[in-house]
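K.L.:
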Amino acid sequence: NAGVTQTPKFQVLKTGQSMTLQCAQDMNHEYMSWYRQDPGMGLRLIHYSVGAGITDQGEVPNGYNVSRSTTEDFPLRLLSAAPSQTSVYFCASSMAGGRSPLHFGNGTRLTVT
Amino acid sequence: GQQLNQSPQSMFIQEGEDVSMNCTSSSIFNTWLWYKQDPGEGPVLLIALYKAGELTSNGRLTAQFGITRKDSFLNISASIPSDVGIYFCAGQLTGNTPLVFGKGTRLSVIA
Numbered sequence: 030n031a032g033v034t035q036t037p038k039f040q041v042l043k044t045g046q047s048m049t050l051q052c053a054q055d056m057n058h059e060y061m062s063w064y065r066q067d068p069g070m071g072l073r074l075i076h077y078s079v080g081a082g083i084t085d086q087g088e089v090p091n092g093y094n095v096s097r098s099t100t101e102d103f104p105l106r107l108l109s110a111a112p113s114q115t116s117v118y119f120c121a122s123s124m125a126g127g128r129s130p131l132h133f134g135n136g137t138r139l140t141v142t
Numbered sequence: 005g006q007q008l009n010q011s012p013q014s015m016f017i018q019e020g021e022d023v024s025m026n027c028t029s030s031s032i033f034n035t036w037l038w039y040k041q042d043p044g045e046g047p048v049l050l051i052a053l054y055k056a057g058e059l060t061s062n063g064r065l066t067a068q069f070g071i072t073r074k075d076s077f078l079n080i081s082a083s084i085p086s087d088v089g090i091y092f093c094a095g096q097l098t099g100n101t102p103l104v105f106g107k108g109t110r111l112s113v114i115a
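Top line first, the protein sequences correspond to chains P and W. Going by my numbering, 77 is the number at position 48 of the first sequence; the sequence numbering is gapless. Going by my numbering, 46 is the number at position 42 of the second sequence; the sequence numbering is gapless.
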């Protein structure tokens, strides 16, 4: 049971570099989302998608891009990393609508120096 | 945006004690969820509540969906060392709207 798979687990970037955090799920879930977790701030929603080809902004979308070309994958792109983006990033998925709680990946710990 | 107030922020308890934490909101939700996060891992669902007034148990865990739809609580009975972690509440208005998370309660259990 793979569930939600995030890669890489750890990443260090220099300010201004770009990178893509990968997220894949094998549960045929329509809904996928990205959260960032910072100490004392809980989980804050960055972007989400209710299906292939559809994305929307969450609470803290600035500095991040997403796309959803397939049901399985939902990559998160940082075009020009900033130290304020140092955080732990979680991808989560669920069935759309009805009683389907989120399933989380194990996170990517990103440090921007 | 919507916010959930989760309390307490942290708790230090003796093994065997009962634990209670709660979440309140200024707006209503139609679903309340409780998650637990172990160090280095993603949150894992503990209990899901879908009906106002609902009381649901999962082993030593009991959670309730408040009648006003604006609050929920989680109780853990007879705590054990593996209960250590961060507990998050989350509310959802409809099945297609994003979850809103509380800031978490960090639980430490002293053996």
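Glycine included, C-beta positions come from ideal geometry on N, C-alpha and C.
Roughly how many whole angstroms lie between the Cα atoms of Cys120/P and Trp63/P?
P.N.:
Whole-angstrom Cα-Cα distance: 5 Å.
K.L.:
Along the beta strand (DSSP E) that carries Ser76/W, what are the first and last residues, could you check?
P.N.:
First-last of the beta strand (DSSP E) with Ser76/W: 75-80.
K.L.:
Flag Ala82/W as yes if its beta-carbon sits less than 8 Å from any beta-carbon of chain P, otherwise no.
P.N.:
It does not; no Cβ of chain P falls within 8 Å.
K.L.:
Assuming Ser24/W contacts Phe77/W (C-beta within less than 8 Å), just tell me the rounded distance between them.
P.N.:
Confirmed, Cβ separation roughly 6 Å.
K.L.:
My assumption, with CB atoms under 8 Å, is that Ser47/P sits in contact with Ala111/P. Please give the rounded CB distance.
P.N.:
Not really, about 11 Å apart at Cβ, beyond 8 Å.
K.L.:
For Asn100/W, would you say it is in contact with chain P, using Cβ-to-Cβ distances shorter than 8 Å as the test?
P.N.:
So yes, Asn100/W belongs to the interface.
K.L.:
Give me the DSSP bridge partner(s) of Ala53/P.
P.N.:
Note: Ala53/P sits in a beta bridge opposite Thr34/P, Asp102/P.
K.L.:
Roughly how many whole angstroms lie between the Cα atoms of Tyr93/P and Leu107/P?
P.N.:
One C-alpha to the other measures close to 5 Å.
K.L.:
Tell me which residues share the same chain as Asp102/P and place their Cβ nearer than 6 Å to its Cβ, disregarding the 5 neighbours each side in the sequence.
P.N.:
Excluding sequence neighbours, Asp102/P sits near Ala53.
K.L.:
So is the beta-carbon of Asn94/P under 7 Å away from any non-hydrogen atom of the ligand FAD?
P.N.:
Within the structure as shown, the ligand FAD is missing, as the structure has no ligands at all.
K.L.:
Along the beta strand (DSSP E) that carries Tyr88/W, what are the first and last residues, could you check?
P.N.:
As written in the sequence, residue 88/W is Val, which differs from the Tyr given in the question. No beta strand (DSSP E) contains Val88/W, which DSSP labels as neither H nor E.
K.L.:
Using only the alpha-carbon positions, how far apart do Gly20/W and Thr66/W sit?
P.N.:
Each residue's Cα considered, the two are about 16 Å apart.
K.L.:
Please list the partners that Lys55/W has in chain P, where partner means a Cβ-to-Cβ separation under 7 Å.
P.N.:
Within chain P, no residue comes near Lys55/W; the closest Cβ sits about 10 Å away, beyond 7 Å.
K.L.:
Name the chain W residues that come within less than 7 Å of Pro91/P, Cβ to Cβ?
P.N.:
Checking the sequence, you will find Asn at residue 91/P rather than Pro. Correct list: empty, because the minimum Cβ distance to chain W is about 14 Å.
K.L.:
Under 8 Å between C-beta atoms, does Tyr77/P make it to chain W?
P.N.:
Interface residue, yes.
K.L.:
Could you check what DSSP says for Gln41/W in three-state terms: helix, strand or coil?
P.N.:
It is a strand residue.
K.L.:
In whole angstroms, what separates the C-alpha of Arg64/W from that of Ser113/P?
P.N.:
Spanning the two alpha carbons is a distance of roughly 39 Å.
K.L.:
Does the CB of Met70/P have a neighbour CB from chain W at under 8 Å?
P.N.:
Yes, Met70/P lies at the interface with chain W (some Cβ there is under 8 Å from its Cβ).
K.L.:
Would you call the region 69-87 of chain W and the region 25-39 of chain W touching, i.e. three or more CB-CB distances under 8 Å?
P.N.:
With a cut-off of 8 Å, the region 25-39 of chain W and the region 69-87 of chain W count as touching, because enough Cβ pairs lie within range.
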